[in-house]
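For the protein sequence lines, the chains are C and V, in the order given. Numbering-wise, UniProt numbering puts 36 at position 36 of the first sequence, and it's gapless, one number per residue. Numbering-wise, UniProt numbering puts 225 at position 225 of the second sequence, and it's gapless, one number per residue.
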Amino acid sequence: MTGVLILIPIALGLGLMGLAAFFWAVRSGQFEDPDGAASRILMDDDDRPAA
Amino acid sequence: MSKQPAFASELETSILAVPGAHCAGCMSKIERGLAALPQVISARVNLTSRMVTVVHDPALDEGQIVAELARIGFEAQRRPREVAKPFSAVKPLLGPLAVAGFAMMNVMLLSVSIWSGADGSTRELFHWISAAIALPAVAYAGQPFFRSAWGALKHGRTNMDVPISIGVIIACALSVYETMTGGRHAWFDGALMLLAILLAGRVLDAMMRDRARAGVDALLSQAAQGALVVNEGGALEWVAAEALQPGMVMRVAAGERLAADGYIRTGASRFDQSLLTGETRPIACVQGDKVLAGTLNLDAPVDVEVSHAGQNTALAEIARLMEASSQNRSRYVRIADRASRLYAPAVHTLAALSVLGWLIAGASLYQALVIGVAVLIITCPCALGLAVPVAQVVASGSLLKAGIMVKDGSAIERLASVDRALLDKTGTLTLGRPVPDAAALDAMSEEEAAVALALASHSRHPLSRALADALMQRGVKPAVVAAVREEAGVGLRGMLDGKAVALRRPESASSMGVALAIAGKPTRLIPFADRLRDDALAALADLNRLGISASILSGDNADAVAQVARETGLTGQAGASPAEKQAAIARLQRAGHKVLMVGDGLNDGPALAAADASMAPGSASDVGMQAADMVFVQPSLASLPRAIRAARRTMAVVRQNFALAIGYNVLAVPLAIAGYVTPLIAALAMSLSSLIVVANSLRLMRAAR
Numbered sequence: 001m002t003g004v005l006i007l008i009p010i011a012l013g014l015g016l017m018g019l020a021a022f023f024w025a026v027r028s029g030q031f032e033d034p035d036g037a038a039s040r041i042l043m044d045d046d047d048r049p050a051a
Numbered sequence: 001m002s003k004q005p006a007f008a009s010e011l012e013t014s015i016l017a018v019p020g021a022h023c024a025g026c027m028s029k030i031e032r033g034l035a036a037l038p039q040v041i042s043a044r045v046n047l048t049s050r051m052v053t054v055v056h057d058p059a060l061d062e063g064q065i066v067a068e069l070a071r072i073g074f075e076a077q078r079r080p081r082e083v084a085k086p087f088s089a090v091k092p093l094l095g096p097l098a099v100a101g102f103a104m105m106n107v108m109l110l111s112v113s114i115w116s117g118a119d120g121s122t123r124e125l126f127h128w129i130s131a132a133i134a135l136p137a138v139a140y141a142g143q144p145f146f147r148s149a150w151g152a153l154k155h156g157r158t159n160m161d162v163p164i165s166i167g168v169i170i171a172c173a174l175s176v177y178e179t180m181t182g183g184r185h186a187w188f189d190g191a192l193m194l195l196a197i198l199l200a201g202r203v204l205d206a207m208m209r210d211r212a213r214a215g216v217d218a219l220l221s222q223a224a225q226g227a228l229v230v231n232e233g234g235a236l237e238w239v240a241a242e243a244l245q246p247g248m249v250m251r252v253a254a255g256e257r258l259a260a261d262g263y264i265r266t267g268a269s270r271f272d273q274s275l276l277t278g279e280t281r282p283i284a285c286v287q288g289d290k291v292l293a294g295t296l297n298l299d300a301p302v303d304v305e306v307s308h309a310g311q312n313t314a315l316a317e318i319a320r321l322m323e324a325s326s327q328n329r330s331r332y333v334r335i336a337d338r339a340s341r342l343y344a345p346a347v348h349t350l351a352a353l354s355v356l357g358w359l360i361a362g363a364s365l366y367q368a369l370v371i372g373v374a375v376l377i378i379t380c381p382c383a384l385g386l387a388v389p390v391a392q393v394v395a396s397g398s399l400l401k402a403g404i405m406v407k408d409g410s411a412i413e414r415l416a417s418v419d420r421a422l423l424d425k426t427g428t429l430t431l432g433r434p435v436p437d438a439a440a441l442d443a444m445s446e447e448e449a450a451v452a453l454a455l456a457s458h459s460r461h462p463l464s465r466a467l468a469d470a471l472m473q474r475g476v477k478p479a480v481v482a483a484v485r486e487e488a489g490v491g492l493r494g495m496l497d498g499k500a501v502a503l504r505r506p507e508s509a510s511s512m513g514v515a516l517a518i519a520g521k522p523t524r525l526i527p528f529a530d531r532l533r534d535d536a537l538a539a540l541a542d543l544n545r546l547g548i549s550a551s552i553l554s555g556d557n558a559d560a561v562a563q564v565a566r567e568t569g570l571t572g573q574a575g576a577s578p579a580e581k582q583a584a585i586a587r588l589q590r591a592g593h594k595v596l597m598v599g600d601g602l603n604d605g606p607a608l609a610a611a612d613a614s615m616a617p618g619s620a621s622d623v624g625m626q627a628a629d630m631v632f633v634q635p636s637l638a639s640l641p642r643a644i645r646a647a648r649r650t651m652a653v654v655r656q657n658f659a660l661a662i663g664y665n666v667l668a669v670p671l672a673i674a675g676y677v678t679p680l681i682a683a684l685a686m687s688l689s690s691l692i693v694v695a696n697s698l699r700l701m702r703a704a705r
């Protein structure tokens, strides 16, 4: 029973983190261009992040 | 791909449509090419909507970006500035789906331990935690269903969302009661699973529609409609169509479409009105003649004084007709809603009867109510809710791969039932553009072909472009012709090894064509004609086999229609105005036919909107594409029978899905009425029936082959 009391909050917390990450992704436009994201991985550009 | 913006406040953002971008290579070419310009801060392509967003210095105007894109090899079009971000049905559903999925998984974890024997205080604790997760989740994720159900109830109707909402709410209410009284069964997992599965179906449905709409949007000429206006001092300025005022003078180059109605002030040319009236023969207009918005200037640049602009053009009448007929169509009731009209009352009566039955049989009110609720939950139309959308999603995906874009979910249902097809001639049965006569091209010598290509490639004139395309397709290499000059309305001339060569308008202007003159050789005439689409005859025969009789409904003159009617063996009506086309469809509908209209022109718009189902080719006018339910991008007419076959197959699968869902109810409901259903059985039955329906729908993956 004590184990459950620790494990359940952990499980819920992890789930909530995933949910929060998903909402962040939707809000920051990660789902605007699914086709482009799928193709971008194929681009050979050697683009480093802008300094 | 980004440089540090120097003065962020002074930057301008332009969004351009690039319909040609379709792969990773195109994206990187465009982005790198534009970023190479010193004034461009960043460029990013959105491949889904085929658009590029460019952040740049205001010193660079959109025209220059378009020119740069053309240099890189992509045709780009300016968009009207105020275009709002396209509405997407997916986004508002993603949040609820994520919440329902998250809550379902967590509650299910707790439920599994209860099913496997957790007892006493553990079970109670788990029920309370489940309630804490499930209630807010249902309140949030159920909103799309609650709203739609409430909307339907308010108007005294019912749709599929009504039984879903009632089932979910009652399941939650009973579970809360059970939790508070320390009961054995809570149904939170079932309610959440129902929501998650149904939301997944809807998200898929919306995604498919978004994709089809993006495809159509990319085809629409998003060129902000407008014209070059000649100012007082003779300076030229580009003015958007909405800003054109009567009295302004537009300079319309050969190959451009008119943005407003007007009178020719200087110059003379021929105009192609086929999009407006279906008439293929170009109309010659001289100074003082009236020309209409939407027609294509074929020969020479003219100055046109605007008489009507914007909503007052001849196009507006067509738009009004269309609006009236699309209201007609919104009365169509989708098969899922028809099913729920029968289903919802039946289920609710059944639940009420079981409560009554158990009460009469001597059960306590609590027991009877629990059983009634169990009946409601087990009959909650999980599989029924998926039966239509999943089949349609899979079928439209398959159609999309075959080059047919389905714009509206109910289009497949409507298309499956058509038994009569009306086809526009110009641009639908035929290609809608003049093509050089193949025999004349065959007869040309290699040198003649090379010279013709060299000259034709210098002009934007429609005939020159058609000739250049045809010659290039034959693998002709252009000759080196020097000093090429285009004389508007006459043709092109140049020099080949000291000999004068010319590609010009033939002296006898009786038929469409061009004359190729090489000094010292006889002049060669290349006639042009519109021709039938590839496989038109095979496709029409195919339609016949499907039990659909087709005929021609054209705005073109009787001679042109008669010729195509002879070639295809169809009957036809010629010279039909937009309103007459609409009337022809109404006549057939009154006679009990379900009519498919296939057309491309502005003049087909009202008919496309009025027909039971409609299709337009990818070369259609914007109005045609927007009015049609489906757009096919392949040059072949074989898309027609293919789409109808796929639609009929889809409806067969939908009917099977209904049978499966009802069969599941026939098995499960007696269990529920007898009082044997526990949350475990409900969860198993619900997911199993949904899986079966999804699996059955996946057979449609090859529906459009």
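Every residue, glycine too, gets a C-beta built ideally from N, C-alpha and C.
What residue from the options has the CA that sits closest to residue i's CA?
i, options, result
"V/G605", "V/S636, V/A672, V/V623, V/A574", "V/V623"
"V/G117", "V/R147, V/H185, V/M651, V/E75", "V/H185"
"V/P19", "V/G575, V/V216, V/I129", "V/V216"
"V/A579", "V/G592, V/S554, V/Q563", "V/S554"
"V/I378", "V/G190, V/F632, V/P38", "V/G190"
"V/S14", "V/H127, V/D119, V/H56, V/R211", "V/H56"
"V/L688", "V/S340, V/M701, V/A661", "V/A661"
"C/G36", "V/A35, V/M630, V/E31", "V/E31"
"V/M208", "V/S396, V/R338, V/E62", "V/S396"
"V/D644", "V/A240, V/I412, V/L125", "It should be noted that the sequence gives Ile, not Asp, for residue 644 of chain V. The option with the nearest alpha carbon to V/I644 is V/I412."
Give the DSSP-derived three-state secondary structure of residue i in the structure shown.
i, result
"V/L11", "coil"
"V/M686", "helix"
"V/D205", "helix"
"V/Y263", "strand"
"C/Q30", "coil"
"V/W238", "strand"
"V/H348", "helix"
"V/F632", "strand"
"V/G226", "strand"
"V/C285", "strand"
"V/H185", "coil"
If you check the beta carbons only, do residue i and residue j fall under 8 Å apart?
i, j, result
"V/L463", "V/P434", "yes"
"V/V304", "V/Y263", "yes"
"V/L195", "V/A254", "no"
"V/A293", "V/A344", "no"
"V/A583", "V/L608", "no"
"C/P34", "V/T48", "yes"
"C/R40", "V/M248", "no"
"V/L276", "V/L602", "yes"
"V/L429", "V/L423", "yes"
"V/A613", "V/R649", "no"
"V/R50", "V/A21", "yes"
Would residue i pass as an interface residue toward chain V - the criterion being a Cβ-Cβ separation below 8 Å?
i, result
"C/G36", "yes"
"C/L12", "yes"
"C/M43", "yes"
"C/G15", "yes"
Drop a sphere of 10 angstroms on the beta-carbon of residue i, count the other beta-carbons inside from all chains shown, and report buried for 16 or more, exposed for fewer.
i, result
"V/P136", "exposed"
"V/K581", "buried"
"V/V694", "buried"
"V/C285", "buried"
"V/T179", "buried"
"V/N231", "exposed"
"C/M17", "exposed"
"V/D442", "exposed"
Do we get a CB-CB distance below 8 Å when we pair residue i with the residues of chain C?
i, result
"V/K91", "yes"
"V/A84", "Note that V/A84 scores 47 on pLDDT, short of 50, meaning its location in the model is unreliable; the coordinates nonetheless yield the value given after this. Closer than 8 Å: no."
"V/I412", "no"
"residue 711 of chain V", "Because chain V here runs from 1 to 705, residue 711 of chain V falls outside it and cannot be looked at."
"V/T48", "yes"
"V/N106", "yes"
"V/C23", "yes"
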